[in-house]
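One structure is given here, and the rest of the page talks about it.
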Amino acid sequence: MNVVESLNIFYKKLALFIENKELDKLLLSEKRDKSSDLKNVIITLVKLKKGFFLNFVYRYKKKDITKNYSLYDGFENIKWELLTNFYNANLFSQTHEFCLQTKPNGKVLLTRKKLTVKRNITFNHDKTKPRLIQTYNNTYLKELGVVNSKWEIRQNMNNKYQQICQYIELIQPYLTDKILQNDCQIVDMGSGKGYLTFALYDYISNVLQKNIKMRGIEANAELVSTCNTIVKKSNFDNLNFIEGTIKDAELNRIDILIALHACDTATDDAIYRGIISKSSLIVCAPCCHKQIRKELNSTTPFDNITKFGILKERQAEIITDTIRALILEIFGYKTNVFEFISTEHTHKNVMIVGEKIRKNNPQKQKILNNITSLKQIFGIKEHYLEGLLKENFFSLKKTTIDFATSQ
(Lines of atoms letter the chains of each structure in order from A; the text may use other names.)
(Lines give C-alpha, C1' and ligand atoms only; values in the text may rest on other atoms or scores of the structure.)
Protein backbone atom coordinates (compact mmCIF):
# COMPACT_ATOMS: atom_id res chain seq x y z
CA MET A 16 0.00 0.00 0.00
CA ASN A 17 1.48 3.34 -1.03
CA VAL A 18 1.45 6.63 0.88
CA VAL A 19 -1.61 8.09 -0.87
CA GLU A 20 -3.66 4.94 -0.34
CA SER A 21 -2.74 4.75 3.35
CA LEU A 22 -3.65 8.38 3.97
CA ASN A 23 -6.92 8.06 2.06
CA ILE A 24 -7.97 5.02 4.09
CA PHE A 25 -7.09 6.77 7.34
CA TYR A 26 -8.97 9.95 6.45
CA LYS A 27 -12.02 7.97 5.27
CA LYS A 28 -12.10 6.10 8.59
CA LEU A 29 -11.78 9.37 10.47
CA ALA A 30 -14.58 10.98 8.44
CA LEU A 31 -16.79 7.93 8.98
CA PHE A 32 -16.22 7.94 12.75
CA ILE A 33 -17.05 11.64 12.89
CA GLU A 34 -20.17 11.29 10.73
CA ASN A 35 -21.47 8.27 12.69
CA LYS A 36 -20.50 9.84 16.06
CA GLU A 37 -18.15 6.91 16.73
CA LEU A 38 -15.01 8.98 17.29
CA ASP A 39 -13.67 8.49 20.80
CA LYS A 40 -10.29 10.20 20.47
CA LEU A 41 -7.61 11.12 17.97
CA LEU A 42 -4.07 11.64 19.25
CA LEU A 43 -1.48 13.43 17.09
CA SER A 44 2.07 12.84 18.34
CA GLU A 45 5.75 12.46 17.44
CA LYS A 46 6.39 16.11 16.55
CA ARG A 47 8.38 16.86 13.42
CA ASP A 48 10.16 19.85 14.95
CA LYS A 49 11.92 18.55 18.07
CA SER A 50 12.49 22.08 19.36
CA SER A 51 8.76 22.90 19.35
CA ASP A 52 7.02 23.39 22.72
CA LEU A 53 3.91 21.70 21.32
CA LYS A 54 4.02 18.07 22.51
CA ASN A 55 0.84 16.61 21.04
CA VAL A 56 -2.78 17.36 20.12
CA ILE A 57 -5.83 15.48 21.40
CA ILE A 58 -9.02 15.72 19.34
CA THR A 59 -12.44 14.62 20.58
CA LEU A 60 -16.01 15.03 19.41
CA VAL A 61 -18.09 17.32 21.65
CA LYS A 62 -21.73 18.36 21.62
CA LEU A 63 -22.41 22.05 22.21
CA LYS A 64 -25.60 24.11 21.98
CA LYS A 65 -25.00 24.72 18.28
CA GLY A 66 -24.34 21.07 17.50
CA PHE A 67 -21.29 18.83 17.22
CA PHE A 68 -17.76 20.25 17.08
CA LEU A 69 -14.23 18.91 17.13
CA ASN A 70 -12.45 19.85 20.34
CA PHE A 71 -8.67 20.31 20.00
CA VAL A 72 -6.46 20.27 23.09
CA TYR A 73 -2.99 21.57 22.17
CA ARG A 74 -0.63 20.26 24.84
CA TYR A 75 2.50 22.32 25.44
CA LYS A 76 5.25 21.78 28.00
CA LYS A 77 3.79 24.26 30.47
CA LYS A 78 0.14 24.63 29.48
CA ASP A 79 -2.80 23.34 27.45
CA ILE A 80 -4.79 25.38 24.93
CA THR A 81 -8.30 24.26 24.01
CA LYS A 82 -10.14 25.25 20.82
CA ASN A 83 -13.39 24.12 19.19
CA TYR A 84 -13.75 23.89 15.41
CA SER A 85 -16.63 23.05 13.09
CA LEU A 86 -16.50 19.49 11.80
CA TYR A 87 -15.26 20.64 8.39
CA ASP A 88 -12.63 23.07 9.72
CA GLY A 89 -11.52 20.57 12.33
CA PHE A 90 -11.07 17.84 9.73
CA GLU A 91 -8.96 20.18 7.58
CA ASN A 92 -6.90 21.19 10.64
CA ILE A 93 -6.15 17.54 11.37
CA LYS A 94 -4.81 17.03 7.85
CA TRP A 95 -2.71 20.19 8.15
CA GLU A 96 -1.28 19.16 11.54
CA LEU A 97 -0.28 15.75 10.16
CA LEU A 98 1.32 17.35 7.13
CA THR A 99 3.32 19.99 9.01
CA ASN A 100 3.66 19.22 12.73
CA PHE A 101 3.28 15.51 13.55
CA TYR A 102 4.37 12.13 12.22
CA ASN A 103 1.91 9.85 14.06
CA ALA A 104 -1.85 9.65 14.58
CA ASN A 105 -3.75 7.19 16.80
CA LEU A 106 -7.46 7.04 15.98
CA PHE A 107 -9.81 5.38 18.48
CA SER A 108 -13.42 4.30 18.01
CA GLN A 109 -15.42 2.25 20.49
CA THR A 110 -13.99 -0.99 19.16
CA HIS A 111 -10.86 -0.28 17.09
CA GLU A 112 -7.62 1.66 16.99
CA PHE A 113 -6.06 2.82 13.72
CA CYS A 114 -2.40 3.84 13.92
CA LEU A 115 -0.88 6.02 11.20
CA GLN A 116 2.92 6.34 11.31
CA THR A 117 4.92 8.54 8.96
CA LYS A 118 8.63 7.86 8.82
CA PRO A 119 11.14 10.71 8.31
CA ASN A 120 11.85 9.26 4.85
CA GLY A 121 8.19 9.77 3.91
CA LYS A 122 7.08 6.13 4.17
CA VAL A 123 3.64 5.71 5.76
CA LEU A 124 2.53 2.70 7.80
CA LEU A 125 -1.15 2.12 8.65
CA THR A 126 -2.16 -0.58 11.12
CA ARG A 127 -5.44 -1.59 12.74
CA LYS A 128 -6.20 -3.56 15.86
CA LYS A 129 -9.37 -4.54 17.66
CA LEU A 130 -9.71 -3.29 21.23
CA THR A 131 -10.20 -5.94 23.90
CA VAL A 132 -12.41 -3.59 25.94
CA LYS A 133 -15.15 -1.49 24.37
CA ARG A 134 -14.50 2.21 24.98
CA ASN A 135 -17.24 4.36 26.45
CA ILE A 136 -17.79 7.48 24.33
CA THR A 137 -19.17 10.70 25.81
CA PHE A 138 -19.61 14.03 24.10
CA ASN A 139 -19.45 16.12 27.27
CA HIS A 140 -17.32 19.22 26.71
CA ASP A 141 -17.05 20.08 30.42
CA LYS A 142 -14.95 17.22 31.70
CA THR A 143 -14.17 17.34 35.41
CA LYS A 144 -10.69 18.60 36.12
CA PRO A 145 -8.99 18.08 39.48
CA ARG A 146 -8.63 21.29 41.46
CA LEU A 147 -5.21 22.14 42.80
CA ILE A 148 -6.79 24.66 45.16
CA GLN A 149 -9.75 23.27 47.07
CA THR A 150 -12.63 25.55 48.02
CA TYR A 151 -14.12 23.62 50.95
CA ASN A 152 -13.05 24.84 54.38
CA ASN A 153 -10.44 27.13 52.85
CA THR A 154 -10.67 30.19 55.08
CA TYR A 155 -8.63 32.62 52.99
CA LEU A 156 -10.88 32.08 49.96
CA LYS A 157 -13.91 32.98 52.07
CA GLU A 158 -12.23 36.01 53.64
CA LEU A 159 -11.19 37.26 50.21
CA GLY A 160 -14.75 36.86 48.94
CA VAL A 161 -14.01 34.09 46.44
CA VAL A 162 -16.37 31.59 48.11
CA ASN A 163 -19.50 32.03 50.23
CA SER A 164 -20.33 30.60 53.65
CA LYS A 165 -21.18 27.25 52.00
CA TRP A 166 -17.71 27.15 50.37
CA GLU A 167 -19.25 27.61 46.92
CA ILE A 168 -17.55 29.88 44.39
CA ARG A 169 -19.39 33.19 44.15
CA GLN A 170 -20.83 33.81 40.71
CA ASN A 171 -18.90 37.06 40.18
CA MET A 172 -15.64 35.48 41.41
CA ASN A 173 -15.47 32.48 39.10
CA ASN A 174 -12.92 34.19 36.84
CA LYS A 175 -10.76 35.03 39.86
CA TYR A 176 -10.87 31.43 41.06
CA GLN A 177 -9.96 30.19 37.57
CA GLN A 178 -7.04 32.64 37.51
CA ILE A 179 -5.83 31.32 40.87
CA CYS A 180 -5.97 27.70 39.65
CA GLN A 181 -4.28 28.58 36.36
CA TYR A 182 -1.48 30.35 38.22
CA ILE A 183 -0.79 27.28 40.36
CA GLU A 184 -0.90 25.02 37.28
CA LEU A 185 1.66 27.19 35.50
CA ILE A 186 4.09 27.43 38.38
CA GLN A 187 3.61 23.82 39.55
CA PRO A 188 6.26 22.25 37.24
CA TYR A 189 8.95 24.50 38.72
CA LEU A 190 8.20 23.61 42.35
CA THR A 191 10.68 20.75 42.50
CA ASP A 192 12.23 19.19 45.60
CA LYS A 193 15.52 20.82 44.65
CA ILE A 194 14.00 24.31 44.72
CA LEU A 195 11.65 23.69 47.66
CA GLN A 196 14.32 22.60 50.12
CA ASN A 197 13.49 22.92 53.81
CA ASP A 198 13.15 26.48 55.02
CA CYS A 199 12.81 27.78 51.47
CA GLN A 200 12.27 31.56 51.52
CA ILE A 201 9.61 32.81 49.07
CA VAL A 202 8.92 36.50 48.48
CA ASP A 203 5.91 37.81 46.55
CA MET A 204 6.70 41.37 45.48
CA GLY A 205 3.68 43.66 45.15
CA SER A 206 1.29 41.09 46.61
CA GLY A 207 -1.78 43.37 46.52
CA LYS A 208 -4.88 41.73 48.02
CA GLY A 209 -2.97 38.46 48.28
CA TYR A 210 -5.14 36.15 46.18
CA LEU A 211 -2.19 34.44 44.49
CA THR A 212 0.10 34.74 47.52
CA PHE A 213 -2.29 32.83 49.76
CA ALA A 214 -2.97 30.25 47.04
CA LEU A 215 0.71 29.50 46.45
CA TYR A 216 1.41 29.20 50.17
CA ASP A 217 -1.62 26.92 50.56
CA TYR A 218 -0.53 24.70 47.66
CA ILE A 219 3.12 24.36 48.72
CA SER A 220 2.43 23.92 52.44
CA ASN A 221 -0.75 21.85 52.42
CA VAL A 222 -0.71 19.99 49.09
CA LEU A 223 3.04 19.47 48.57
CA GLN A 224 3.64 19.36 52.33
CA LYS A 225 6.81 21.44 52.11
CA ASN A 226 8.25 23.50 54.96
CA ILE A 227 8.60 27.04 53.60
CA LYS A 228 8.56 30.64 54.76
CA MET A 229 6.74 33.17 52.62
CA ARG A 230 6.40 36.95 52.64
CA GLY A 231 4.15 39.26 50.73
CA ILE A 232 5.58 42.72 50.08
CA GLU A 233 2.99 45.46 49.59
CA ALA A 234 3.22 49.27 49.71
CA ASN A 235 -0.41 49.72 50.77
CA ALA A 236 -0.50 49.55 54.58
CA GLU A 237 -4.23 48.82 54.69
CA LEU A 238 -3.86 45.78 52.42
CA VAL A 239 -0.94 44.53 54.52
CA SER A 240 -3.05 44.73 57.68
CA THR A 241 -6.01 42.99 56.04
CA CYS A 242 -3.84 40.17 54.67
CA ASN A 243 -2.15 39.58 58.04
CA THR A 244 -5.57 39.30 59.65
CA ILE A 245 -6.52 36.63 57.10
CA VAL A 246 -3.20 34.85 57.80
CA LYS A 247 -4.16 34.47 61.47
CA LYS A 248 -7.68 33.24 60.66
CA SER A 249 -6.23 30.70 58.21
CA ASN A 250 -3.54 29.49 60.65
CA PHE A 251 -0.83 30.03 58.06
CA ASP A 252 2.05 30.20 60.55
CA ASN A 253 4.89 30.74 58.07
CA LEU A 254 3.22 33.41 55.93
CA ASN A 255 3.24 37.11 56.67
CA PHE A 256 2.85 40.41 54.84
CA ILE A 257 5.06 43.44 55.36
CA GLU A 258 4.77 47.02 54.20
CA GLY A 259 7.40 48.05 51.67
CA THR A 260 8.27 48.55 48.03
CA ILE A 261 9.79 46.11 45.59
CA LYS A 262 12.90 48.24 45.40
CA ASP A 263 13.52 48.96 49.08
CA ALA A 264 11.94 46.19 51.19
CA GLU A 265 14.51 44.75 53.62
CA LEU A 266 14.96 41.06 52.90
CA ASN A 267 17.82 38.85 54.01
CA ARG A 268 17.25 35.98 51.62
CA ILE A 269 15.13 35.27 48.54
CA ASP A 270 15.08 31.68 47.23
CA ILE A 271 11.99 32.20 45.07
CA LEU A 272 11.01 35.66 43.89
CA ILE A 273 7.57 36.41 42.46
CA ALA A 274 6.36 39.71 41.01
CA LEU A 275 2.99 39.65 39.26
CA HIS A 276 1.75 42.71 37.38
CA ALA A 277 4.41 45.01 38.78
CA CYS A 278 4.01 48.22 36.80
CA ASP A 279 6.64 49.32 34.26
CA THR A 280 10.18 49.27 35.72
CA ALA A 281 9.02 47.78 39.03
CA THR A 282 9.32 44.41 37.26
CA ASP A 283 12.98 45.22 36.59
CA ASP A 284 13.48 46.14 40.25
CA ALA A 285 12.10 42.71 41.16
CA ILE A 286 14.27 40.84 38.63
CA TYR A 287 17.31 42.76 39.84
CA ARG A 288 16.66 41.75 43.45
CA GLY A 289 16.23 38.13 42.36
CA ILE A 290 19.50 38.16 40.43
CA ILE A 291 21.61 39.73 43.19
CA SER A 292 20.01 37.34 45.70
CA LYS A 293 20.89 34.40 43.43
CA SER A 294 17.27 33.24 43.68
CA SER A 295 16.64 29.70 42.47
CA LEU A 296 13.44 30.81 40.72
CA ILE A 297 12.22 34.17 39.43
CA VAL A 298 8.61 34.49 38.25
CA CYS A 299 7.33 37.75 36.76
CA ALA A 300 4.18 38.87 34.95
CA PRO A 301 5.13 42.34 33.63
CA CYS A 302 2.70 45.20 33.15
CA CYS A 303 2.71 48.72 31.64
CA HIS A 304 5.91 48.73 29.55
CA LYS A 305 6.42 52.49 29.44
CA GLN A 306 10.19 52.89 29.64
CA ILE A 307 11.21 51.31 26.33
CA ARG A 308 8.20 52.74 24.50
CA LYS A 309 9.48 56.27 25.13
CA GLU A 310 12.90 55.37 23.68
CA LEU A 311 11.79 53.57 20.51
CA ASN A 312 13.36 55.44 17.61
CA SER A 313 14.03 53.07 14.73
CA THR A 314 15.55 54.32 11.46
CA THR A 315 15.20 50.94 9.75
CA PRO A 316 12.24 49.33 7.95
CA PHE A 317 11.14 48.23 11.44
CA ASP A 318 10.03 51.85 11.91
CA ASN A 319 6.78 50.86 10.18
CA ILE A 320 5.98 48.48 13.02
CA THR A 321 5.96 51.38 15.49
CA LYS A 322 4.09 53.80 13.24
CA PHE A 323 0.73 53.13 14.89
CA GLY A 324 0.15 53.67 18.60
CA ILE A 325 -1.24 50.29 19.59
CA LEU A 326 1.41 48.44 17.57
CA LYS A 327 4.15 50.60 19.07
CA GLU A 328 2.84 49.74 22.53
CA ARG A 329 2.88 46.01 21.87
CA GLN A 330 6.26 46.14 20.17
CA ALA A 331 7.64 47.90 23.25
CA GLU A 332 6.25 45.09 25.40
CA ILE A 333 7.89 42.42 23.23
CA ILE A 334 11.29 44.17 23.18
CA THR A 335 11.22 44.93 26.91
CA ASP A 336 10.40 41.37 27.93
CA THR A 337 12.82 39.88 25.39
CA ILE A 338 15.71 41.84 26.90
CA ARG A 339 14.60 40.86 30.42
CA ALA A 340 14.60 37.18 29.46
CA LEU A 341 18.01 37.46 27.77
CA ILE A 342 19.55 39.23 30.77
CA LEU A 343 18.30 36.43 33.01
CA GLU A 344 20.00 33.94 30.69
CA ILE A 345 23.30 35.81 31.11
CA PHE A 346 23.12 35.16 34.84
CA GLY A 347 22.62 31.42 34.44
CA TYR A 348 18.83 31.24 34.32
CA LYS A 349 16.91 28.97 31.99
CA THR A 350 14.09 31.22 30.86
CA ASN A 351 10.62 30.60 29.53
CA VAL A 352 8.01 33.12 28.37
CA PHE A 353 4.38 32.10 28.01
CA GLU A 354 0.75 33.17 28.39
CA PHE A 355 -0.43 33.78 31.95
CA ILE A 356 -3.96 35.17 31.70
CA SER A 357 -6.31 34.47 28.81
CA THR A 358 -6.35 37.17 26.15
CA GLU A 359 -10.09 37.58 26.70
CA HIS A 360 -9.23 39.39 29.95
CA THR A 361 -6.15 41.39 28.88
CA HIS A 362 -3.45 41.30 26.20
CA LYS A 363 -0.90 42.08 28.95
CA ASN A 364 -0.69 38.41 29.73
CA VAL A 365 2.96 37.36 29.53
CA MET A 366 4.75 35.48 32.27
CA ILE A 367 8.55 35.27 32.42
CA VAL A 368 10.07 32.43 34.44
CA GLY A 369 13.77 32.12 35.15
CA GLU A 370 15.10 28.92 36.71
CA LYS A 371 18.68 29.10 38.02
CA ILE A 372 20.65 26.22 36.49
CA ARG A 373 24.26 27.51 36.66
CA LYS A 374 26.37 30.37 38.00
CA ASN A 375 26.59 32.10 34.64
CA ASN A 376 26.13 31.41 30.96
CA PRO A 377 29.18 30.48 28.83
CA GLN A 378 27.38 32.18 25.91
CA LYS A 379 27.08 35.46 27.84
CA GLN A 380 29.09 37.51 25.33
CA LYS A 381 26.93 36.32 22.44
CA ILE A 382 23.78 37.22 24.37
CA LEU A 383 25.21 40.64 25.20
CA ASN A 384 25.93 41.24 21.54
CA ASN A 385 22.40 40.20 20.62
CA ILE A 386 20.94 42.63 23.16
CA THR A 387 23.14 45.42 21.80
CA SER A 388 22.03 44.69 18.23
CA LEU A 389 18.39 44.65 19.24
CA LYS A 390 18.75 48.02 20.94
CA GLN A 391 20.48 49.52 17.93
CA ILE A 392 17.72 48.37 15.57
CA PHE A 393 15.05 50.14 17.60
CA GLY A 394 17.14 53.12 18.73
CA ILE A 395 17.12 52.18 22.41
CA LYS A 396 19.80 53.73 24.60
CA GLU A 397 19.45 51.62 27.72
CA HIS A 398 17.04 49.11 29.21
CA TYR A 399 16.23 50.01 32.83
CA LEU A 400 17.37 46.59 34.08
CA GLU A 401 20.79 47.19 32.49
CA GLY A 402 21.19 50.35 34.52
CA LEU A 403 20.44 48.48 37.74
CA LEU A 404 22.93 45.74 36.97
CA LYS A 405 25.80 47.31 35.07
CA GLU A 406 27.46 49.02 38.04
CA ASN A 407 27.86 45.67 39.78
CA PHE A 408 28.01 43.18 36.94
CA PHE A 409 28.31 44.33 33.38
CA SER A 410 28.20 47.13 30.88
CA LEU A 411 26.41 46.55 27.61
CA LYS A 412 27.98 49.68 26.22
CA LYS A 413 31.42 48.09 26.43
CA THR A 414 29.97 44.63 25.71
CA THR A 415 32.14 43.21 28.47
CA ILE A 416 31.06 41.32 31.54
CA ASP A 417 32.47 40.72 35.01
CA PHE A 418 30.85 38.01 37.06
CA ALA A 419 33.37 38.08 39.86
CA THR A 420 30.98 39.90 42.18
CA SER A 421 28.12 37.53 41.38
CA GLN A 422 29.81 34.32 42.44
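Taking my numbering, the leading residue of the sequence shown gets 16, the next gets one more, and so forth. C-beta: ideal position from N, C-alpha, C; glycine also. The model shown is predicted, which means the values in this text are computed figures rather than measured ones.
- Per DSSP, reduced to three states, the secondary structure at Ala-285 is helical.
- Assignment of Asn-312 by DSSP, reduced to helix, strand and coil, places it in the coil class.
- Taking all protein chains shown into account, Pro-301 has 16 or more neighbouring C-beta atoms within 10 Å of its C-beta and is therefore buried.
- When secondary structure is reduced to three states using DSSP, Pro-119 falls in the coil class, being assigned neither helix nor strand.
- Straight-line spacing of the CA atoms in Asn-120 and Asn-23 works out to 19 Å.
- Around the C-beta of Ala-340, 16 or more other C-beta atoms lie within 10 Å, and the residue is accordingly described as buried.
- One thing to note: Lys-379 has its Cβ within 8 Å of the Cβ of Ile-345.
- Apart from the 5 residues on each side of it in sequence, Glu-96 sits with its Cβ closer than 8 Å to the Cβ of Leu-43, Val-56 in its chain, given in chain order.
- At least 8 Å separates the beta-carbon of Ile-257 from that of Gln-200.
- Rounded to the nearest angstrom, the gap between the Cα atoms of Asn-376 and Gly-209 is 35 Å.
- The DSSP assignment places complete beta strand (DSSP E) segments of no fewer than 3 residues inside the stretch 218-245 at 227-233, in order along the chain.
- The C-alpha of Lys-54 is placed about 26 Å away from the C-alpha of Leu-343.
- Between the stretch 64-74 and the stretch 82-96, the count of Cβ pairs shorter than 8 Å is three or higher; the stretches touch.
- By alpha-carbon distance to Ser-249, the top candidate from Asn-226, Asn-267, Tyr-216 is Tyr-216.
- In the DSSP annotation of this structure, the continuous segment of the beta strand (DSSP E) that includes Ala-274 starts and ends at 271-278.
- Secondary structure of Cys-299 (DSSP, three-state): strand.
- Under a 10 Å Cβ-count criterion, Leu-404 is classified as buried, with 16 or more other Cβ atoms of the shown protein chains found around its own Cβ.
- Lys-349 is positioned such that its CB atom lies no closer than 8 Å to that of Leu-185.
- Contact between Ser-21 and Val-123 holds, since their C-beta atoms are separated by about 4 Å, short of 8 Å.
- DSSP places Leu-106 in the uninterrupted beta strand (DSSP E) bounded by 101-107.
- Taken atom to atom, the span from the alpha-carbon of Asn-152 to that of Asn-171 is near 20 Å.
- For the options Ile-297, Glu-354, Ile-261, Gln-330, the alpha carbon positioned closest to that of Met-204 is the one of Ile-261.
- Secondary structure at Lys-65: coil, using DSSP grouped into helix, strand and coil.
- Listed in chain order, the non-local C-beta contacts of Phe-32 below 6 Å within the same chain comprise Leu-38, Ser-108, local neighbours out to five positions each way being set aside.
- By the neighbour-count criterion, in which 16 or more other beta carbons inside 10 Å mark a residue as buried, Cys-278 falls on the exposed side.
- Within the same chain, Leu-69 come within 6 Å of Gly-89 by CB-CB distance, once the 5 residues on both sides are set aside.
- Annotated as proximal: Cys-180 and Arg-146, with beta-carbon spacing under 8 Å.
- As computed with DSSP, Gly-209 is found in no beta bridge at all.
- For Asp-88, the three-state secondary structure derived from DSSP is helix.
- If you look at Tyr-399, you'll find it isn't in any beta strand (DSSP E); it sits in the alpha helix (DSSP H) that goes 399-405.
- Of Asn-100, Cys-299, Ala-281, the smallest CA-CA separation from Ile-271 is found for Cys-299.
- Considering only Lys-27, Val-202, Ile-392, Ala-274, the residue with the shortest C-alpha distance to Leu-115 is Lys-27.
- Cβ-Cβ distances below 8 Å link Lys-247 to nothing in the same chain once the five nearest sequence neighbours on each side are left out.
- Exclusion of the five residues before and after Asp-284 leaves Ile-261, Lys-262 as the residues of its chain whose Cβ lies within less than 6 Å of its Cβ.
- Straight-line spacing of the CA atoms in Glu-167 and Ser-240 works out to 26 Å.
- DSSP, reduced to helix, strand and coil, places Phe-355 outside both helices and strands of the structure shown, so it counts as coil.
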